[in-house]
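Below: one structure, written as structure tokens.
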Amino acid sequence: MDAEEKKLAQYINELSVSHVKFTKLGEDILQANNQTSYIIDSFAYSVINRTIQLIQGYITLVNTNNYISGIPFIRLQLDNALRFFAVFEVTDANDFFFYFMNGRPIYRYKSHTGEKLTDSYLATKLDIISPGILRLYKEISDYIHLSNQHVHASKYFDDEGEVRLKVIDVNKGIDAFSLEAKINFAYNMLEVVKLVFIVLDRWKPSLHLSNMLAGSTGHFQGS
Numbered sequence: 380m381d382a383e384e385k386k387l388a389q390y391i392n393e394l395s396v397s398h399v400k401f402t403k404l405g406e407d408i409l410q411a412n413n414q415t416s417y418i419i420d421s422f423a424y425s426v427i428n429r430t431i432q433l434i435q436g437y438i439t440l441v442n443t444n445n446y447i448s449g450i451p452f453i454r455l456q457l458d459n460a461l462r463f464f465a466v467f468e469v470t471d472a473n474d475f476f477f478y479f480m481n482g483r484p485i486y487r488y489k490s491h492t493g494e495k496l497t498d499s500y501l502a503t504k505l506d507i508i509s510p511g512i513l514r515l516y517k518e519i520s521d522y523i524h525l526s527n528q529h530v531h532a533s534k535y536f537d538d539e540g541e542v543r544l545k546v547i548d549v550n551k552g553i554d555a556f557s558l559e560a561k562i563n564f565a566y567n568m569l570e571v572v573k574l575v576f577i578v579l580d581r582w583k584p585s586l587h588l589s590n591m592l593a594g595s596t597g598h599f600q601g602s
């Protein structure tokens, strides 16, 4: 295993043990402020559980080299950060939560400044805290919807170096991504997971609202 392969393995391993921090965070939220329960706690717990499950799903898929199915999990994970971050952008968090629980779309709810809470708006605000989030949001969204990325992933080079198209063999598949790209995907997934943790951690009621978003993750890498 060379240095780059070790780097990829390191990121995957960090992801595989990250659930420990989220389990502890869930306990901290319940214990915060003399064990006082808050309406938003249930929202936080849904994000914690979804985060852990998305991490497991991503690892399962990339370990079988199924990156076309695995990469969208980065966008789904980013969705956790965006949606919970919305709690800090509204005037009344409880009203926002009840609106959400009624099955109404978040993008129609307005922030304390009157802006609609679209994913683009939330990603733009989070980009101030974690530079690269907005770009990552746009790039990874290409893997959610059918796009040119899926066309590229259906190509391969034959023995003569010619570009060919092929229906995948489920027993072999098409290795459409370079090792560098796989490392970037794993790194970005890890950084998004860190961002989810930061946003959730600042919810703990013992902290003052003005301190809720102090701190940042690292910069995100292009895919």
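For the sequence shown, my numbering begins at 380 and goes up steadily by one.
By construction, the Cβ of each residue, glycine as well, lies at the ideal position given by its N, Cα and C atoms.
From this set, the options, which residue's C-alpha is nearest residue i's C-alpha?
i: Asp537; options: Ala555, Val578 and Ile507; result: Ala555
i: Leu409; options: Arg514, Val469 and Ala423; result: Ala423
i: Thr492; options: Phe467, Leu574, Phe476 and Ile418; result: Phe467
i: Phe452; options: Glu384, Gln389 and Tyr522; result: Tyr522
i: Val578; options: Lys386, Gly405, Lys385 and Ile391; result: Gly405
i: His529; options: Tyr437, Asp407, Asn445 and Tyr390; result: Asn445
i: His524; options: Arg454, Glu570, Asn442 and Ile391; result: Arg454
i: Lys351; options: Asp407, Tyr478, Tyr390 and Thr443; result: Nothing can be reported for residue 351, as the shown portion of the chain is limited to 380 through 602.
i: Leu501; options: Asn473, Tyr478 and Val469; result: Val469
i: Gly511; options: Asp407, Glu570, Tyr488 and Asp471; result: Glu570
Is residue i near the ligand ATP, in the sense that its beta carbon is under 7 angstroms from a heavy atom of that ligand?
i: Ile427; result: Questions concerning the ligand ATP fall outside what the structure shown contains, since it holds no ligand whatsoever.
Skipping 5 residues on each side, what residues in its chain have a beta carbon closer than 6 angstroms to that of residue i?
i: Ser595; result: For Ser595, the predicted structure reports a pLDDT of 43, less than 50, and the residue's modelled location is therefore unreliable. A value from the coordinates is still provided. The answer, listed in chain order, is Ile508 and Ser509.
i: Ala532; result: Ile447 and Ala555
i: Leu440; result: Ser448 and Gly449
Can you give the Cα-Cα distance for residue i and residue j, rounded to whole angstroms?
i: Glu393; j: Asp580; result: 19 angstroms
i: Ala388; j: Ala382; result: 10 angstroms
i: Met380; j: Tyr486; result: 46 angstroms
i: Asp548; j: Gln435; result: 25 angstroms
i: Ile562; j: Lys400; result: 23 angstroms
i: Arg429; j: Gly482; result: 18 angstroms
i: Lys608; j: Leu433; result: The shown model of the chain, from 380 to 602, leaves out residue 608, and the question about it has no answer.
i: Asp506; j: Ala560; result: 22 angstroms
i: Glu605; j: Ser557; result: No information on residue 605 is available, as it lies outside the stretch 380 to 602 that the chain covers here.
i: Lys504; j: Lys534; result: 37 angstroms
i: Met480; j: Lys385; result: 43 angstroms
i: Gln456; j: Phe475; result: 21 angstroms
i: Ser490; j: Leu513; result: 18 angstroms
i: Asn527; j: Asp407; result: 44 angstroms
i: Tyr478; j: Trp582; result: 19 angstroms
i: Asp471; j: Pro484; result: 16 angstroms
Our contact map puts residue i next to residue j with C-beta atoms below 8 angstroms; I'd like the distance itself, whole angstroms only.
i: Ser397; j: Val572; result: 5 angstroms
Can you give me the Cβ contacts of residue i inside the same chain, cut-off strictly under 7 angstroms, excluding the 5 residues immediately before and after it?
i: His587; result: Residue placement at His587 is flagged as unreliable, the pLDDT there being 38, under the threshold of 50; the coordinate-derived value follows with that caveat. Result list for His587: empty, nothing under 7 angstroms.
i: Asn459; result: Val426, Arg429, Thr430 and Val575
Which residues in the same chain have their Cβ closer than 8 angstroms to the Cβ of residue i, if we skip the five residues on either side of it in sequence?
i: Ile438; result: Ile391, Leu394 and Ser395
i: Asn473; result: Ile418 and Ile419
Count the CB pairs spanning the stretch 542-553 and the stretch 565-582 that are closer than 8 angstroms, and state whether there are at least three. no
Mind the definition here: the stretch 486-497 touches the stretch 513-523 only if three or more C-beta pairs lie below 8 angstroms; say whether that holds. no
Can you find at least 3 beta carbon pairs, one from the stretch 458-465 and one from the stretch 416-434, that sit closer than 8 angstroms? yes
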